[in-house]
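Numbering (the UniProt record's numbering), first residue to last: 1 to 150.
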């Protein structure tokens, strides 16, 4: 893995504290060295991406190289946030992976229509989550070339 790929920040947008903790543990289980940042709703996600509010420190809250996005969040849901990200010329090239409990065909179709990079239904068991995160990190950090976004 190149030094550039190791430095990519993963931004995880999920309102469920337990899901955030499990995701962090599953990624750490896979010895992922990337910095992980967490937001709890779509409004916080957009504030982070635009360095607004409590996210003004650009050194601490750098532009992520990958966003893991839950769809069902308060204030602004993942669908609305995804639409805003993909309509923004500066943000649209950030890969967004939907990671949600939804299995609704409508959500799958709508998020791909909005420009999501991948749609993953959250695994039920921790071991399955670890396995899914292993595959996800192999794909996004070992196989594909991600753009450097500043």
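Even glycine gets a Cβ: it sits at the ideal position worked out from N, Cα and C.
Keep in mind that this is a model prediction, so the values were computed, not measured.
Bridge pairing for residue 36: 10 [DSSP]. Taking residue 93 as reference, the option from 100, 104, 106 and 116 with the minimal CA-CA separation is 116.
Between residue 98 and residue 136, the gap from beta carbon to beta carbon reaches 8 Å or more. The distance from the Cβ of residue 114 to that of residue 75 is about 18 Å, inconsistent with a contact at the 8 Å cut-off. Residue 122 sits buried, since 16 or more C-beta atoms from the chains shown fall within 10 Å of its C-beta. For residue 130, the enclosing alpha helix (DSSP H) has its first and last residue at 126–137. Following the DSSP letters along the chain, one finds residue 121 inside the beta strand (DSSP E) bounded by residues 118–121.
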